[in-house]
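First up is the structure itself, then whatever we jot down about it.
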Amino acid sequence: MDAFRQDLRLAFRSIARRPGFTLIAVASLAIGIGVNSGLFSLLEALLLQGIRGVEDPDRIVEIYSTGPGDPYNNLAFPDLVDLKGETRSFEALAGFEINPVSLSDDEAGERLLSMNVTSGYFEVMGVEPLLGRWFVESEDEGIGDHPVTVLSYALWRDRFGSDPDVLGRTIRLNREVYTIVGVAPESFRGHLFAVHPSLWAPVMQDEAGRASTFRFEHRGSLWIEAVGRLREGVSIEEANAELATLSQRLAAEYPESNEYRSHRADPSGLVPASGRGPIRVAFGLISALLLLVLAATCANVAGMLMARAAAEERSITVRMALGSTRRRAIQHMIIESMVIFAGGAGLGVLLAMFGVRFADPNRFLPVPFPIALELGVNGRLLAYVTVLTLVAAIVFGALPALKATARGVSLSLRDSSGGGQRASGLRRLFVAGQVGISILLLATGGLFLRSIQNAGSVDPGFDDRDVYVTSLDLALEGARSPEEGVARATALLEQMRTLPGVTSAAVTTDLPQDGGSSSTSVLPVGREAEGRNYIQANFAAALPGYFETLDIALQEGRAFNTDDGATSPRVIVVNRIFADAAWPAESGLGRQVTLPFSEEPFTVIGIVDGTRADLITDEPGPQVYTHLSQYYRRVVHLAAKAPGAGPSFAPTLRQGLLAVDPSLALEPIRALDEITALGTLPHRIAGALASTLGLLALLLSAIGVYGVVAFAVTQRTREIGVRMALGATRASVIRLIVRGGLSLALPGIVVGAILAGALAFGLRALLVGVQPLDPVTFGGMGGALMLVVMVASVIPARKAARIEPVEALRSE
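One rule links them: number in this note's numbering = place in the sequence shown (from 1) + 4.
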């Protein structure tokens, strides 16, 4: 222990004597460890943390229905009722569904997130109400008969000022009066990651269920999610055995719906089990990139440590000649490297803490409700960083130590070079690896950045300029029937058309490239009703003015007009892709198609251009449009085109819509081109991530090249002096040193470019207007990297050129 403390003191003294070396090493490690720590913090929150604010989260499970090819499906409500009544493995079992609600008063409306639950939900979570009560079993029956609600702590605090007498008071949800019966504790904000409901209501108050009893009565409607709390001492395997037995009974009793259906419990988590697989894949790919950066970081520091060890080899061997052991010398060097790595790890954790606090997906995801990220430093993160730091410090600290002490004392003392030449091979390998990682990341990021640039020249099939959009759930605004909903949407449409600066307006259930396209199966009349004759097409219902507002070109026929309505013949507009697929080499006008849940066929009245549905890389596919009154959907987008109005038009649009009804709970008004930017979101994320990591790796490469070249200059002082004494010019010395630096980087550039090309071919489906082996990208990134290497080499080269031959020869 005394030896350890002595080596620790010596390590701090040695580090303090070289502040420049220490600063570069610690900063490099902070970058690599910081980005890896930030990723681990997010991954740990998504996949490893239990549900917050609940009792015994390990006993909470998620319950799914399973079928051929679908292991994670929701449950049918009648199946849930049977499971609740007949299973004995669960202390409590409940269903839930997340829904938006409109909270309104006499002046304004507000969109909030609600969770409709069955009785037993809070018992599953093991939480007690702060005030009042939870829902009871009688509130699981009678559709629309139980207008009661439990408030979240945040809503109780913000809306009611933490009033302890709030129980029994009423609020207006979806234009109906609800009575407050409870308040949840502050520690419980729901059981799902990043989704914090503002209130809870009985599942029987579900708006979709009140519009149609189908989802509550039929076992073919799989819509409700379920969670359960295992009884004390019951394992998840025992619960699954019981669920399998009950599923077999249901299959025998209800073969039409349940013949191939079973039920299964999975461990709970902040992310549902159905979404953990894709998250693991995504994080696996990102982790691979980040580990490359960490490898470059460690290689950089290892190269610096190796250079130091080589420079101090003579002093080490002198100490060994005076009686110190090789083991003690190695221990001293490893402790010194551990101190450096620990400093980098500490700074890296601080960087990670700072970074995750500003990780806000709401800035680039147009979602109607805030996504709440709760990330930070905890025991798992600290354990991860500690293990990572110890392993890296021992591995990359021991290697230079072993190299520096490998030769015998007499050989080291006779060798005036300090062992630098023999150690240079490994340092060259480290530098080449850093450069290869840099070109791999830079080229990948460059391809995606070029794709984003090219996306602007791709015709999406519509014009999103000067269009401003908000959304509305008509059912939440009191529309209890399709007729009421269409009337409300039509009134809002007419109001938008009267606003100053508006040239056209539209109401539609779907916008192109908004990240949520809908599709349906369409059967052209006259074909056999076989699966292969259906055409899967993107779908939108709209009111007149949609095609004009988005500038979707009409090729044949007409668009919707005021003569089309609920009582007129059913009409439909299709795009050219659908028409060519349904009636090859024939005109589609006047033809008929059928849609699900509609007995009357629709007649094609118009054919329009195709639009790209989700991503900018998607080719336009089949698309159909119906009149909203003839194929009703409750959630609509309101769009107004106001050329030249600018962002100041948003308040004008909001005030105009609220003039129709001051209680409307509108989503924030946004420019359509901000929403359609989702079409390039994967490219922007991939480009930003790869480019950022590439620049970090580039910085590390520059540091590594500089360190190796500078050390080589120090080791070659005598040789340079001899060259200059024999007539070599300063320019020739600079060329010699720079050429050596470029020779360090060239192998890494070649190998990294080959790997980048292979990766680019794997990602070619996401590239827009650029080939995987784009010469501009690879040439530009390779040239930039060579330039950085040259600059990193020129600095020590100029120092070498200023060496005086006499002084250089005298130094030996």
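No residue lacks a Cβ here, since even glycine has one placed at the ideal position from N, Cα and C.
Review point. With 16 other CB atoms within 10 Å as the buried threshold, where does residue 650 fall?
Key: exposed
**Study point:** 8 Å contact criterion, which residue 538 and residue 644 should meet: CB distance rounded
**Key:** Not a contact, Cβ separation roughly 36 Å.
Exercise for review: Measure the CB-CB distance between residue 119 and residue 147 and report whether it falls below 8 Å.
Suggested key: Contact: no.
Review point. Does the distance from the C-beta atom of residue 547 to that of residue 599 stay below 8 Å?
Key: no
Exercise for review: Using beta-carbon positions only, say whether residue 152 and residue 183 come within less than 8 Å of one another.
Suggested key: yes
Practice item. Could I get the ranges of all uninterrupted beta strand (DSSP E) runs contained in the stretch 451-524, with 3 residues as the minimum, in chain order? Key: 471-477, 508-512
Exercise for review: Report the three-state DSSP secondary structure of residue 79 (helix, strand or coil).
Suggested key: strand
Exercise for review: Using alpha carbons as the reference points, say which of 793, 720, 777, 748 lies closest to residue 803.
Suggested key: 720
Exercise for review: Round the Cβ separation of residue 564 and residue 641 to the nearest angstrom and send it over; I've been treating them as touching at under 8 Å.
Suggested key: 16 Å between Cβ atoms; not a contact.
Check your understanding: Taking DSSP as the reference, what is the three-state secondary structure of residue 577?
Key -> strand
Review point. Is residue 74 buried or exposed, if buried means 16 or more other CB atoms sit within 10 Å of its CB?
Key: exposed
Check your understanding: Under 8 Å between the Cβ atoms of residue 128 and residue 138?
Key -> no
Exercise for review: Determine, using beta carbons only, whether residue 617 and residue 528 come nearer to each other than 8 Å.
Suggested key: no
Review point. Are the beta-carbon atoms belonging to residue 476 and residue 230 less than 8 Å from one another?
Key: no
Check your understanding: Given residue 202, which residues of its chain have a CB within under 6 Å of its CB, disregarding the five upstream and five downstream residues?
Key -> For residue 202, where only same-chain residues beyond five positions count, the Cβ hits under 6 Å are 116, 117, 156, 159.
Check your understanding: Can you tell which of 126, 81, 470, 70 has the C-alpha that lies nearest to the C-alpha of residue 96?
Key -> 126
Review point. Secondary structure at residue 199, three-state DSSP: helix, strand or coil?
Key: strand
Check your understanding: If you draw a straight line from the alpha carbon of residue 242 to that of residue 211, how long is it in whole angstroms?
Key -> 36 Å
Exercise for review: Determine the DSSP secondary structure at residue 775, reduced to helix, strand or coil.
Suggested key: coil
Check your understanding: Does DSSP put residue 629 in a helix, in a strand, or in coil?
Key -> strand
Check your understanding: DSSP on residue 584, reduced to helix/strand/coil?
Key -> helix
Check your understanding: Using the C-alpha atoms, what's the distance from residue 358 back to residue 235?
Key -> 41 Å
Practice item. Report the rounded CA-to-CA distance for residue 248 versus residue 266, giving the unit in angstroms. Key: 6 Å
Check your understanding: Who pairs with residue 222 in a beta bridge, going by DSSP?
Key -> DSSP lists no partner for residue 222.
Exercise for review: Using the DSSP secondary-structure output, state which residues sit across from residue 119 in a beta bridge.
Suggested key: 102, 204
Review point. How close, in whole Å, do the beta carbons of residue 522 and residue 540 come, if the pair is a contact with beta carbons under 8 Å?
Key: In fact, because the Cβ distance is near 11 Å, the residues do not count as touching under 8 Å.
Practice item. Would you kindly work out how many angstroms separate the C-alpha atoms of residue 551 and residue 543, rounded to a whole number? Key: Going from the Cα of residue 551 to the Cα of residue 543 covers about 14 Å.
Check your understanding: At which residues does the beta strand (DSSP E) containing residue 183 begin and terminate?
Key -> 180-187
**Study point:** alpha helix (DSSP H) segments (min. 4 residues) lying fully within the stretch 732-814
**Key:** Fully contained in the stretch 732-814 are the following alpha helix (DSSP H) runs of length 4 or more, in chain order: 734-766, 779-805.
Check your understanding: Which first and last residues belong to the beta strand (DSSP E) in which residue 66 is found?
Key -> Taken as a continuous stretch (DSSP letters only), the beta strand (DSSP E) holding residue 66 covers 64-71.
Check your understanding: Taking buried to mean at least 16 other C-beta atoms within 10 Å of its own C-beta, is residue 35 buried or exposed?
Key -> buried
**Study point:** residue 20 (DSSP reduced to helix, strand or coil)
**Key:** Three-state result, residue 20: helix.
Practice item. Taking residue 187 as the reference, give the member of 689, 656, 457, 165 with the closest Cα. Key: 165
Exercise for review: Look at the alpha carbon of residue 87 and the alpha carbon of residue 250, and state the distance between them as a whole number of angstroms.
Suggested key: Taking the straight line from one Cα to the other gives about 8 Å.
Check your understanding: Which residues in the same chain as residue 580 place their Cβ atom closer than 8 Å to its Cβ, once the five residues preceding and following it in sequence are excluded?
Key -> 559, 611, 612, 613, 614
Review point. Residues in its own chain within less than 7 Å of residue 785 by CB, not counting five upstream and five downstream?
Key: 443, 446, 447, 450
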